[in-house]
Structures are given as C-alpha cells and as structure tokens.
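Residue numbers (mature numbering (1 follows the signal peptide of the UniProt record, and there is no 0)): -19 to -1, 1 to 852. For each residue, glycine too, the CB sits at the ideal point set by N, CA and C.
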C-alpha cells in the first residue's frame, strides 16, 4: 500500500511539473483553496489533483485548484417557459468528500427583469431543499436587465448587467464540487463592498482578506468576532464601483462556510441540500432588499405599542421587585410601553407556569393594561420531562410532536428546567398543539407578546442525554468551522429525526419555524396583530418575528458594534431589531448606560435588558444623568413614532429597510461605504450617537446636500464632510435630510397617550425648495391581511412656496386627528404672508435659522390641507 501511494504521488508530481504552465500557472489573485482542512501536505494536495505552491507569503492557499481538472461539463440543453435547463455530467476527479453526484441539472429561471433564479440539483435522487415557500413563476421575464452566459467545458456561468456590462456573478473560478455531503462553488465579486452574510458580530462592511464566515445556528454566551451565532442568513448585498447594487441569496440551511478573498471573490461550502441561488440586480441597495424580501417574505407590520420602549431583566427575583422598578419609571416620567419577564416568573423554569414569587402576576398585568401598557413573557421551546402531570409534556407525547433520536425515542436534552424534550416545529400536529398550550396559559395570564429564546435549539448537553452515536450526520466528511468543532455541541444530535427530515438539514430552521407557529397562535388567540421576538432566525423570519442581537456585554465596544448589527438585520428583512440596551452581561456604568439609552432610543426595537448577576440598569436605577438622558431620548423617539410606524408600513409593503446604513442612500460616496458609527431611519433621518467613553463631541459625517438640525432647523449645506457635534446628554444628534417631510406627534409616557396628542410636521426643503413624505395610520393592532381597508395614507408635498397634505386612502378614523403645527426648514427668504386653507394665518419666522413656524392650526390630518406662503 505504501508503494502504491508513493507511486500515485510521483505520478502526480510528474504530471504537475509537465502541465504546470497549462493548468497551475494561475494568477495568484485567482487561486482558490483546494484543501480547507488542516494538515495539508504536498502529497495530499496532489492526490486531489490540485496545484501546490509554497513560494508565496501573502496568505494565499498553498494547495489550489488548477484550471481544468475538477467540475462538470454541459451534456444537454433545453429551453423552458421560464428560461433554460442545462444537464451537467461529472468530469475529472470530482470532490474528495464522499460520493459525488454524477449528473446534475442547472435550471435558470428568468423570474423578473431584476431577479434571476439558478437551481443546481440532482434530478434523479431527491435531496433536501429548504421547505419555505418561493414565488410560483409561470413565465420568464420579457425584458431582463441581465444576460446569462455559460461555458460547456468545465461548466460555469456568468450573470451580466446589460446596462453597463458589469459581471454580477461569475463562477468560472475555483472548483465546482457536488458531493452528497459537500457542495462548493465560487464566484468573482464585482467589488469588495460586501455586506450581510450573518449572523456574526463583525463590522458593517465585510473584510475580503481571507475572511471565513461560518453559518450554523448556535447558542453562544456573549458573542464576539466572526463565530457562528444564533441566525443563518446566506444573503449579501454588493455595491459595485459605479454605486449600483446587487445581491445574492443562497437558499440553503445546512451548515456552511463562506470565504471572502481579496480577488475579490466568494466561495460557498455547504454540507447538504442543493445550490439554490437568487441573484438580484437592484439597481439600488434598497431595491435589492425589496427583491430579496419578495422571495423570502415581507416583514411583519408590528403593533404600534411595540415601537414604544421595553424594559426587562433576568433577575426580577419577585413581583414586588418588578413592581418597584415599574413605579420608579413612572415616578420619573420616563416613557415605557412594555414590561417583560425573563424565566424568573416561571415555576422551576417550566414553560406555561408561574412561580410562587410571582403570585399575583395576573393582577400586575391587568394594571399595566389599565394604564395603556403591554406585557411580554419568555417562552423557551424545550419542555420539562421531570414532573408528573406536567400537561405540556404529557400532551406533547399524546400528539407525538417531539423530536426523536435515531432509534425513534423522544430525544432528551437539558435546558433550564433540567431534562427536556424538544417540540418538532415541522410536525403537522404542532400548530394545534402549540396553539392550545399558549391559549391555555393566556387564559391565566393576559400577555401581549412572546419572547422565544434558546431556539437554535440550545441544550446544556451535547447531542442528547445519551450522547450521539457515530454516524455520517454528526461526523460528516467535512465540518465547517463552527465554534466547538462538532455540529452537535450545545444542541441536538444531527441524526435525530423530525417529521420534515433529519435535524442535520433542519437545524438552522428551528427558530424560524417556531416563530411562524408562535405568531400564528398568538394572533388567533388575541384576534389582533401580535408581537414575537426570536433569538434564532433564518431568511424570512422577519415575516413572523423581530430579533434582538443576543447576549452582549456592558462595554463601549458592544454599544458600537450594535449599530452594524441593526443595519445588517434590516438588510436581512428583519427590521424589528435591537440590542440589549446598556448590555446584557457585566455591570454597566451611568455614563455607558446613558449613552446606550440615547442610541437605543433609535433602535427600531428598543429594549433595556440585563442578566441576574449584574446590577440594575433600568433608566431610573442610577441618578439624574441617566434619568434625563433616557427621558429626553425616549420623548424624541415617541415624537417620531408616526414617521417610524410609516417606515414599518413601507417595509411591510415593499420590504425596504427601516434602519439603514449610509451606503444604502449614498452608495457613490466612499465615506459612506464603511460608516458603522451612524445610521438612518428611512431616507430622511440621520442618527449620530455618542459611541466613545468620555466623549465631548461627535465627529459625524454629512453626505453632500442639505441637512437640518432636527431640534432647531439650522441648515448645514454639506459638500460631503465631517462635522464636530456636541456630545450632549440632553439630546441625541439628529439631522433631517433636505427634501424629506417627517410627520410627528407630541410625546407622552405611553403610545396609548401619545396617540391622543396633536400631529405636527417638519418640512425640510432641499436646494430646489422641494420636499415629500407620507403618513400611515391605523388602529395599531388590526391584522392588515384582513383589514387593509381600515387604514389611512396621507401624502405630503412641498414646492414653490406651497405645502399639500393629500389623503390617498382614508378608511381609518382615529380618535384624535388634529394637525396643529408645522415647521418649514430651509426657508431662505422671509415670507410676508401665510395662508392656511385659504385663510391668512399668524406665523413666526427665525431670520437666523431660516425657519418658518405655524402653530395652533386646528386642522384635521385626514383632510386635504393647503398651506401657502408668499415672499
């Protein structure tokens, strides 16, 4: 055997030398790793038919793919009504990770003018595919904005933007491998401006310097760096050198590595399923996200109250303690809409129970409701098996809805209540079972939303209480670079069985499927729009739930990193996202918490939460500094809720991000491409928070154009420049973009009260004297799929000395409709007269700030209004 191995090695050595120039003489920039595992040797590299070069010290792979030795040839072609199909036949050596698929189909669906769907699969043997719905396309696009080409020998394909010839996707590199448990494909990227590919705790713009990103759902305390985390989102946005945007989504839920290299290029390595790509042509970043969410599902429209401030901690040791926190919030007039409970409220951490220390919790919740507030509780998926007569477990056994081990027995892991079983959210009985458990508990405790945690799924034992038997799923030929090194660490055995297949395939969908069933149950029980926040997410979870960024630290670094996390999840189609304000683990300080409350007041989902081992950090827990910073920031948030709610409606309809990186709006400005210190609400509001300890000013970037101080209306005509702003504890630095109209409403301590206050309008004129905006109104809780006709949409326009509010859809009649005041920023020339609906009206004009103000108008926001000023 030793002689045979040596002979093979020498043969490949001779072959390597003789064919070096034709096969291995590849530009260093185009070398792709042929041996991603550790322990590569020259012999093992040649045994794969790959090329060997140790002469470089630039971080390049020393074992890399040659130009003509691994892949498939095109051996058939057929046109279809949606595009065309290629038959692919294995050529050369194939992959080295087990059984190679000998024949493939590559189906190209020209779905829309800006969306191409490419599906590469085994047509003869059914393989796992992600069981989430996709659009049913019956005809190909008539005028696609892309062209598709392919090579016959060693199959590859290109997607080219027709308007400028930019190559969006080009797989004519690396090694294309399709084995039973290892699939690999690479592509050249149009530029190194790449974002997304989550969930990770990294900066905003991803590094392409041999950046290894692993995707596989995992519970991890206090996450940091590029390790795999709770969610899986194989979707990226790329900004081309011209500023146009494109995006790619790989619909695959198996564990995978994604490698970004300086070419720039991307390599996908997944250990199951198929290659199911959607390629989006934009042309803007917001268009790309809209096209992506059309495929995976548009985001939910959240209840209005859920956009208020939320307060929670793991460590309310009793109902009395939680009551004391609530009372000091109210005493300091700090806005709050939602009170939460972590697992403290449960009896021995069992779902659907209330512990002795929280006796009377139902009366506390009733009191919240009496004050126009709401209540959310934690619900973990794992159910205790240790208590005789525990109905959720007994009924789960009766309904046969628990995940099984390879022997067909209920798989037992361990979570907070001890030994536990895990509901199978692919089982056909799960919907009714989960509904009945939630309904039964809701009859005892009138919660308004559910917080689903530990749903990666997480377990405190590896695999199961009995471990995992040796098998190809738990010990695959290739294991991505997951934290811990084994797929079943802190979760279930991969060979455990669910109704929908092996856990190996379904693992990273567990939280996603739980979100879907949980939201459906809540809305049936409550009969109105509900609220779910999930830790584990997958592409499309935004259609059922929001997300928080997990167990962060009380550090300045984590405050800063949260901005990139918020922006990324908006790209992923989950705009209802926030981080634990002031940090989850470790003791915060009053300075850090004050700054974090100022930032967190502008998270789309705003919640302060920390763990039981840390000191109290609610906004009234320290002193006057934190109280003032929190109260002022939250009052501004509540004033801006009509604008934020309208942005969520826009996301619900079009899928566009609510919180945006500056690159989304200014893709040709190089200063915006990696700006992770600021972010925007929609296209109109720029937030520049304090992110450094001891800061006395904020260096904020203002892209070219008109920007107005939100509070004063002071104009800054930027050429694209950095400005120093004060690092005040009294207010957060906010700027309104010229050309945008922002609706407001006077703030109050709850959204219930603020919705009874007068509306206002801030009109920020651009350099042409124009601005536009809109307002969406409904009762805040109706299920839109059923009641879209009970909504109102009002458009606002301003130009040439006039302002119009025009109801486009006027079906909702709120209790309070008074439109009382308007501020017009950028009024360069002082007006001499103002008419409101044809009547002369008093006004104020600030000559220094160039701001026109009109108050006490007494108009109705639901009627057409016309304001005119003459100079």
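Check, Outcome
"Beta strand (DSSP E) segment containing residue 245, residue limits", "Residue 245 -> no beta strand (DSSP E), and no H or E assigned at all."
"Neighbour-count burial assignment, residue 356, 16 or more Cβ in a 10 Å radius", "buried"
"Residue 260 to residue 214 span [Cα, whole Å]", "15 Å"
"Residue 339 (DSSP reduced to helix, strand or coil)", "helix"
"contact_flag[the region 134 to 143, the region 242 to 253] where n(CB pairs < 8 Å) is 3 or more", "no"
"Beta-bridge pairing of residue 693 - partner residues as DSSP gives them", "BP columns for residue 693 are empty, so no partner."
"Alpha-carbon to alpha-carbon, residue 625 and residue 746", "20 Å"
"Closest residue to residue 492 among 460, 210, 441 (Cα-Cα distance)", "210"
"Proximity below 8 Å, CB of residue 308 to CB of residue 612", "no"
"CB-CB length for residue 192 against residue 241, believed under 8 Å", "4 Å"
"Residue -3, buried or exposed, once every other Cβ within 10 Å from all chains shown has been counted against 16", "Residue placement at residue -3 is poorly supported in this model, since its pLDDT is 45, which falls under 50; the coordinates are not used for a value here."
"Any beta strand (DSSP E) of 3 or more consecutive residues that is wholly inside the region 282 to 307", "290 to 292"
"Assigned secondary structure, residue 139 (DSSP; H/G/I helix, E/B strand, else coil)", "strand"
"Inter-residue Cα distance where the pair is residue 714 and residue 670", "6 Å"
"Same chain, Cβ closer than 6 Å to residue 581, five either side skipped, listed in chain order", "562, 587"
"Reduced DSSP secondary structure (H/G/I, E/B, other) of residue 1", "In this prediction, residue 1 has a pLDDT of 48, which is less than 50 and means its spatial position is unreliable; what the coordinates show is noted afterwards. Note: residue 1 maps to helix in three-state DSSP."
"Bridge partners - residue 786, DSSP secondary structure assignment", "777, 846"
"Beta carbon proximity, residue 564 to chain B, threshold 8 Å", "Judged by its chain identifiers, the structure shown contains no chain B, having just a single protein chain."
"Classification of residue 653 by the beta-carbon crowding that lies within 10 angstroms, buried from 16 upward", "buried"
"Cα-Cα separation between residue 839 and residue 785, rounded to whole angstroms", "16 Å"
"Under 8 Å between C-beta atoms of residue 833 and residue 693", "no"
"Residue range of the beta strand (DSSP E) that includes residue 582", "Residue 582 -> no beta strand (DSSP E), and no H or E assigned at all."
"Coil, strand or helix - residue 546 by DSSP", "helix"
"Exposed unless 16 or more other CB atoms sit within 10 angstroms - verdict on residue 202", "exposed"
"Sub-8 Å separation of residue 477 and residue 385 beta-carbons", "yes"
"Inter-residue Cα distance where the pair is residue 447 and residue 285", "46 Å"
"Terminal residues of the alpha helix (DSSP H) in which residue 272 lies", "266 to 277"
"Distance CB(residue 30)-CB(residue 51) smaller than 8 Å", "yes"
"Residue(s) in a DSSP beta bridge with residue 489", "None, per the DSSP bridge assignment."
"In DSSP terms, what residue 588 is bridged to", "291, 561"
"6 Å Cβ shell around residue 615 - same chain, five flanking residues per side excluded", "290, 316, 582"
"Closest by C-alpha distance to residue 325, when choosing among 578, 750, 361", "361"
"Coarse secondary structure for residue 629, derived from DSSP in three states", "helix"
"Cβ contact (3+ pairs, closer than 8 Å) linking the region 526 to 535 and the region 266 to 279", "no"
"Rounded straight-line distance, which links the Cα of residue 184 to that of residue 249", "21 Å"
"Separation of residue 134 from residue 55, as counted between CA atoms", "7 Å"
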